[in-house]
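S.K.:
Numbering (my numbering), first residue to last: 325 to 842.
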């Protein structure tokens, strides 16, 4: 990245609570990292993170050898550094590096209009629609989420839905360097719980829904929802600032059981509350605004409805290429958020008509075959149920589902997903997702435990490519094959290796064997 900043250490530590500094507090810092492999020479500040699977303190020596001038370590840890290296001790290196990065990069989100989208399902699609609408009316927009990070001139792969706090500050800085004043980002529950987004000045926060997911990290769904509510409690924590919208806006799915929790959290922050709903006869119910979908029609080519928007008094037809009831909520959320960002509902609806979708989100794979093949990221019980319900709505034939569950993740959802697939699909194949350190066969056994007696309507094929080929080979005209779980991912993670694997490409290869001239 060009035009990297340069700051003295004492400037960067100014907002921290009594850091312990041993060495030169005036040391010049030219880069920040928590990965010793990314230390690029003198001027680097290396932060030693303590994680569930690694301890950055073990790599301090390597970071110093590579040229780190400053080391950020946890209080109470025995750390020795060579003479001439500055050691800074803090209670929490992860949160401290976030604060340091905000100072280092000049608080870039404070100079932008930032929209954050949180929820179990719909984050990626909603952020993509908002970015598409803004771009359509001539507002260049950055994007941060599961599929990747768009910074104006480049697209980076996304190791996390929401990056580490320090990485976020760097990404926003790059956006500002590229002339962007708007950004839309997915906000995961992990990010809120770990403080990754605590120093981002959000202007609009969107809540899509709460479902069964991430219970390996959050003990209960209620705890999971409480963490999500933290995004809304934090709206306006930085106060009114020049060039930033005020008051902040909270856009909330009024049809979700946890909507009142998000509304109450937003009220404590003094935010403007905007509800959206797809239920007949929905009303504002004390909210400042409402975006509602009436007269809904769905088919395999998309969705249409009448948008009823309270603040503008507008009732207009909306047409989307996106398929499924769940996408009505994503569209409503995006239209409501875009209005809060200054885009009229008419402009939003016009832009929506040209939105083609998101990679790996109910993505059609069509080589001219007489049946439908869909790739979708559905990897939780709720998302699998939603996508199977949509598949059933748009299919006159049988629904064939290929799915698995990731290793080293919430095990409680495995039998639930098995039960959903067995009940809602005509034929289901349990296969490998990203097994990670776990045995794929053990994961499959836990999934199939929820599927009941094998009555010939489901099978286990651990090799994902073979499972996809089997599903496509079984399909007849009018059927729908759903490949669920990996979506946009182009890899598969095993205990000892990561391989290239793309559901879309594997499906295309299988279809080429069946479709002449494909």
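The beta carbon of each residue, even a glycine, is placed where N, CA and C say it ideally should be.
Quick caveat: nothing in here was measured; it's all calculated off a predicted structure.
How about residue 664 and residue 607: are their beta carbons less than 7 angstroms apart?
M.R.: Residue 664 sits at position 340 when you count from the first residue of the chain shown. Residue 607 sits at position 283 when you count from the first residue of the chain shown. No, the pair does not count as a contact, with Cβ atoms beyond the cut-off.
S.K.: Whole angstroms are fine: how far does the CA of residue 400 sit from the CA of residue 412?
M.R.: Position 88 of the chain shown, counting from 1, holds the residue named residue 412. Position 76 of the chain shown, counting from 1, holds the residue named residue 400. Cα-Cα distance, rounded: 12 angstroms.
S.K.: In this structure, does DSSP put residue 821 in helix, strand or coil?
M.R.: As a first step, residue 821 is located in the chain shown; it is residue number 497 there, counting from the start. In this structure, residue 821 counts as coil in the three-state DSSP scheme.
S.K.: For residue 481, which residues from the same chain have a beta carbon less than 7 angstroms from its beta carbon, with the 5 sequence-adjacent residues on both sides left out?
M.R.: Sequence index remark: in the chain shown, residue 481 carries index 157 (1-based). Only 472 meet the Cβ criterion.
S.K.: Go to residue 618, then tell me how far its beta strand (DSSP E) extends in each direction, as first and last residue.
M.R.: Counting from one through the chain shown, the residue named residue 618 turns up at place 294. Unbroken beta strand (DSSP E) run through residue 618: 613-623.
S.K.: Is the beta carbon of residue 371 closer than 7 angstroms to that of residue 421?
M.R.: Along the chain shown, one-based indexing puts residue 421 at 97. Along the chain shown, one-based indexing puts residue 371 at 47. Closer than 7 angstroms, so yes.
S.K.: For residue 542, I'd like the list of residues in its chain whose CB is within less than 7 angstroms of its CB, leaving aside the five on either flank, ordered along the chain.
M.R.: Here residue 542 refers to the residue found at position 218 when the chain shown is read from its first residue. Reliability of the predicted coordinates at residue 542 is poor, the pLDDT of 45 falling under 50, and the value obtained from them is presented with this limitation in mind. These residues qualify, in order along the chain: 513, 548 and 551.
S.K.: Using a 10 Å radius around the Cβ and a threshold of 16 neighbouring Cβ atoms, would you call residue 660 buried or exposed?
M.R.: Within the chain shown, the letter at position 336 stands for residue 660. By the 10 Å Cβ count, residue 660 comes out buried.
S.K.: Go through the region 418-495 residue by residue and report every complete run of the alpha helix (DSSP H) that reaches 4 residues or more, in order.
M.R.: Those alpha helix (DSSP H) runs which fall completely within the region 418-495 and span 4+ residues are 447-460.
S.K.: Within its chain, find whatever has a CB closer than 6 angstroms to the CB of residue 369; leave out the 5 residues flanking it on each side and keep chain order.
M.R.: The sequence position of residue 369 within the chain shown is 45, counting from 1. Excluding positions up to five away in sequence, the list reads 353, 356 and 394.
S.K.: With DSSP run on the structure shown, which of helix, strand or coil describes residue 510?
M.R.: Against the chain shown, residue 510 aligns to sequence position 186. The answer is strand: DSSP assigns residue 510 an E or B state.
S.K.: By how many angstroms is the C-alpha of residue 680 removed from the C-alpha of residue 671?
M.R.: Position 347 of the chain shown, counted from the first residue, corresponds to residue 671. Position 356 of the chain shown, counted from the first residue, corresponds to residue 680. C-alpha separation (whole angstroms): 17 angstroms.
S.K.: May I ask you to list the residues that DSSP assigns as paired with residue 363?
M.R.: Position 39 of the chain shown, counted from the first residue, corresponds to residue 363. According to DSSP, which records beta bridges pairwise, residue 363 is partnered with nothing at all.
S.K.: Am I right that residue 845 and residue 388 are in contact with their C-beta atoms under 8 angstroms? What's the rounded C-beta distance?
M.R.: The chain is shown only over 325 to 842; residue 845 falls outside these bounds and no answer can be derived.
S.K.: Taking just the CA atoms, how far does residue 531 sit from residue 748?
M.R.: For this step, residue 748 is matched to residue 424 along the chain shown. For this step, residue 531 is matched to residue 207 along the chain shown. Rounded to the nearest angstrom, the two C-alpha atoms are 27 angstroms apart.
S.K.: Would you check if the distance between the CB atom of residue 564 and the CB atom of residue 579 is smaller than 7 angstroms?
M.R.: As a working mapping, residue 564 is identified with position 240 in the chain shown. As a working mapping, residue 579 is identified with position 255 in the chain shown. Not in contact: residue 564 and residue 579 (Cβ atoms no closer than 7 angstroms).
S.K.: Measure the CB-CB distance between residue 754 and residue 773 and report whether it falls below 7 angstroms.
M.R.: For the purposes of this step, residue 754 is taken as residue 430 along the chain shown, with counting starting at 1. For the purposes of this step, residue 773 is taken as residue 449 along the chain shown, with counting starting at 1. Their beta carbons are not under 7 angstroms apart, which means residue 754 does not touch residue 773 by this criterion.
S.K.: Are the CB atoms of residue 295 and residue 593 nearer to each other than 7 angstroms?
M.R.: Here the chain has residues from 325 to 842 only, and residue 295 is not among them.
S.K.: Any idea if residue 327 is buried or exposed, counting beta-carbon neighbours within 10 angstroms, 16 or more meaning buried?
M.R.: Translated into the one-based positions of the chain shown, residue 327 becomes position 3. By the 10 Å Cβ count, residue 327 comes out exposed.
S.K.: When DSSP builds the beta bridges, which residues end up paired with residue 382?
M.R.: Within the chain shown, numbered from 1, the residue matching residue 382 stands at position 58. Paired residues: none, contrary to the question.
S.K.: State yes or no: is the C-beta of residue 639 within less than 7 angstroms of the C-beta of residue 632?
M.R.: Counted from its first residue, the chain shown places residue 639 at position 315. Counted from its first residue, the chain shown places residue 632 at position 308. Their beta carbons are under 7 angstroms apart, which means residue 639 touches residue 632 by this criterion.
S.K.: My output table needs one value for residue 390: the three-state DSSP class, helix, strand or coil.
M.R.: Mapped onto the chain shown, residue 390 falls at position 66. Coil, per DSSP.
S.K.: Among the candidates 835, 652, 619 and 439, whose CA atom is the shortest distance from the CA of residue 798?
M.R.: Translated into positions along the chain shown, residue 798 becomes position 474. Checking every option, the nearest Cα to that of residue 798 belongs to 835.
S.K.: Which parts of the region 643-696 are runs of the alpha helix (DSSP H), unbroken and 4 residues or longer, counting only runs that do not cross its ends?
M.R.: 649-664 and 669-676, all fully within the region 643-696.
S.K.: Which term fits residue 613, buried or exposed, when burial requires 16 or more other beta carbons within 10 angstroms of its beta carbon?
M.R.: Translated into the one-based positions of the chain shown, residue 613 becomes position 289. With 16 or more other Cβ atoms within 10 Å, it is buried.
S.K.: Could you round the C-beta distance between residue 385 and residue 358 to whole angstroms and report it? I think they count as a contact, below 8 angstroms.
M.R.: Counting from 1 along the chain shown, the entry for residue 385 is found at position 61. Counting from 1 along the chain shown, the entry for residue 358 is found at position 34. With 8 angstroms as the limit, residue 385 and residue 358 do not qualify as a contact, their Cβ atoms being about 15 angstroms apart.
S.K.: Quick check on this structure: which residue in 523, 699, 561 and 463 has the alpha carbon closest to the alpha carbon of residue 487?
M.R.: Taking the first residue of the chain shown as position 1, residue 487 is located at position 163. For residue 487, the nearest C-alpha among the options comes from 523.
S.K.: Buried or exposed for residue 701, going by 16 or more other Cβ atoms inside 10 Å?
M.R.: Within the chain shown, numbered from 1, the residue matching residue 701 stands at position 377. Buried.
S.K.: Taking a contact to mean a Cβ-Cβ separation below 7 angstroms, would you say residue 804 touches residue 696 in this structure?
M.R.: As a first step, residue 804 is located in the chain shown; it is residue number 480 there, counting from the start. As a first step, residue 696 is located in the chain shown; it is residue number 372 there, counting from the start. Yes, they are a contact pair.
S.K.: Quick one: Cα of residue 825 to Cα of residue 546, how far?
M.R.: Walking along the chain shown from the start, residue 825 turns up at place 501. Walking along the chain shown from the start, residue 546 turns up at place 222. Cα-Cα distance, rounded: 35 angstroms.
S.K.: Measuring only the C-alpha atoms, how far is residue 504 from residue 364?
M.R.: Numbered from 1 along the chain shown, position 180 holds the residue referred to as residue 504. Numbered from 1 along the chain shown, position 40 holds the residue referred to as residue 364. If you take the alpha carbons of residue 504 and residue 364, they lie about 27 angstroms apart.
S.K.: Let me make sure I understand the geometry here. Which of 829, 605, 724 and 415 has the alpha-carbon closest to that of residue 800?
M.R.: The residue you call residue 800 lines up with position 476 of the chain shown. For residue 800, the nearest C-alpha among the options comes from 724.
S.K.: Following the continuous alpha helix (DSSP H) through residue 557, name the residue where it begins and the one where it ends.
M.R.: On the chain shown, position 233 is the one that residue 557 refers to. It spans 545-557 - the alpha helix (DSSP H) in which residue 557 sits, taken as one unbroken run.
S.K.: Taking the alpha carbon of residue 509 as the reference point, which residue from 818, 562, 454 and 558 has its own alpha carbon closest?
M.R.: As a first step, residue 509 must be located in the chain shown, where it is residue number 185. Nearest option by C-alpha distance: 454.
S.K.: Would you mind sorting residue 703 into buried or exposed? The rule is 16 or more other CB atoms within 10 Å of its CB.
M.R.: In the chain shown, residue 703 corresponds to position 379, counting from 1. By the neighbour-count rule (16 or more Cβ atoms within 10 Å), residue 703 is buried.
S.K.: Measure the alpha-carbon distance for residue 448 versus residue 407 and round it to whole angstroms.
M.R.: Here residue 448 refers to the residue found at position 124 of the chain shown. Here residue 407 refers to the residue found at position 83 of the chain shown. Near 48 angstroms, if we compare the C-alpha coordinates of residue 407 and residue 448.
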